[in-house]
Every structure is written in C-alpha cells, then in structure tokens.
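Residue numbers (full-length UniProt numbering): 1 to 146.
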C-alpha cells in the first residue's frame, strides 16, 4: 500500500494473509502522527465504526519503522527534523488514547518521544544518509530483527 490505507488495499492484504498465513507482514511509515495512524488502520481497522471501516484488520502486521526514537541514533541531519504543527499535536493526543486502549505500549512511547521532541520525520530523511541507506542498511537491519 501507499499512503492512507483504502479498503481495497486492506482487503487484498487480508486475503493475502489468509492464503499465506505464515508470511510475515511489515509496515514502514513516516515517523509522524499520520504514519502511526496508517499503521493502526492496517492492524486494527479505521477508528471509525466497524462497519464504516470494513471490519478489515491485519493483526499480524508489524510496524518496523521509521520510528521517532531512531532519529538520534541514525544521525539524521537537524534540517530533516520537521516541527510538529498544532494539528499534529492534537492528532498525537487522539492517537495516544487509542493506543493505550489497544495496549500498544511501544507505539505510545514513540508518540511520547515525538511530542517531547516536538518533531516528526519523513522516510525521505533517510536518503540524507546515503542513496541506498534505506534499502541496503535500514530495511535489512529491521527485517533481520524480525
């Protein structure tokens, strides 16, 4: 998928998971409130009503990054750190409540880091570490962890 998950994409992935139940499913998003919301939508469905969201979930999907907590360890240049907007902060508050109810403690911690640092990052920030850093270093490392 790409961007906010539409029902057709979620249905396809749900079908794929039913056909290949042992295949791992991962998601890579921006380290921002929208990226986290995208992950939650794939895993748990939309925060709208069950009927409205299609009732399609992918409970096995794992969020492997890009995590707000990784910015310092990866030495992402400061000019890539984007300041949170007021809208971002409101979305973080809303998402924090949702992830607490879902017992997604690691996601809650990432939201808290984002709020504490008052910044977000896009995946494109990883390209400042080298043209192939995302594909040859970051993703390789993340997939080896799982």
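Just so you know, even glycine gets a beta-carbon here, dropped at the ideal spot from N, CA and C.
- Item | Validate contact between the region 1 to 18 and the region 62 to 69 using beta carbons, cut 8 Å, 3 pairs | Contact fails: fewer than three Cβ-Cβ distances are below 8 Å.
- Task: May I have the straight-line CA-CA distance separating residue 73 from residue 37, to the nearest angstrom?
- Result: Cα-Cα distance, rounded: 24 Å.
- Leaving out five residues on either side along the sequence, give the residues of the same chain with a beta carbon under 8 Å from the beta carbon of residue 121. The answer, listed in chain order, is 30, 31, 32, 66, 68, 71, 76, 80, 81 and 82.
- Message: Going by beta-carbon coordinates alone, are residue 126 and residue 115 separated by less than 8 Å?
- Response: Between residue 126 and residue 115, the gap from beta carbon to beta carbon reaches 8 Å or more.
- Task: Could you spell out the range, first to last residue, of the beta strand (DSSP E) harbouring residue 62?
- Result: Note, residue 62: beta strand (DSSP E), 62 to 65.
- Task: Indicate the three-state DSSP secondary structure (helix, strand or coil) for residue 31 in the structure shown.
- Result: Here residue 31 sits in strand by DSSP.
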